[in-house]
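> Numbering (the numbering used here), first residue to last: 9 to 160. Below is a structure I'd like to ask you about.
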């Protein structure tokens, strides 16, 4: 199982990057609670609207806006698991997401690619997605592969 270093540990070759103070995080959380409660979020799917409504959120079916009271958000946070394991094809590649562990991914979705054979800058095709996944899979430093390109 792949268990990377904690972000707050100072290890040789490790990573520590703490941009926000605890007070900054609390301010962001309070602001987020206010936006979810007062402004809400747009939810287009009827099943999701039903789910929010049955869970206690305020749902405006006409505008498809959902306002989520702070107590519902806090309960969701309290009930979330402290750890999630992303299973690899081989268990030694399982990835544990928890606390302040740091992992690396390609994290992006390119809308253009520079063709390695022609030099042309063009929209990606399915083969580009296949090729990028192979490269990412080969790199030990990349912990998991996200969709790298949006094929047209």
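Where a beta carbon is used, it is the ideal one built from N, C-alpha and C, also for glycine.
1) Do residue 114 and residue 74 come within 8 Å of each other at the CB atom, strictly closer than that value?
2) Taking the straight line between their C-alpha atoms, what separation do you get for residue 147 and residue 154?
3) Indicate whether residue 44 and residue 92 have their beta-carbon atoms separated by less than 8 Å.
4) Can you check which of these residues, 118, 112 and 28, is closest to residue 137 by C-alpha distance?
5) Would you kindly work out how many angstroms separate the C-alpha atoms of residue 106 and residue 126, rounded to a whole number?
6) Following the continuous beta strand (DSSP E) through residue 135, name the residue where it begins and the one where it ends.
7) Quick one: what's got a C-beta closer than 7 Å to residue 20's C-beta in the same chain, skipping five residues either side?
8) If you reduce the DSSP assignment to three classes, tell me which class residue 86 lands in.
9) With C-beta atoms as the reference, is residue 66 less than 8 Å away from residue 57?
10) Is DSSP giving residue 55 helix, strand or coil here?
Working from what's here:
1) no
2) 13 Å
3) no
4) 118
5) 43 Å
6) Residue 135 -> not in any beta strand (DSSP E); alpha helix (DSSP H) instead, spanning 134 to 146.
7) In this prediction, residue 20 has a pLDDT of 42, which is less than 50 and means its spatial position is unreliable; what the coordinates show is noted afterwards. Counting only Cβ-Cβ distances below 7 Å, and skipping sequence neighbours, we find nothing.
8) helix
9) no
10) helix
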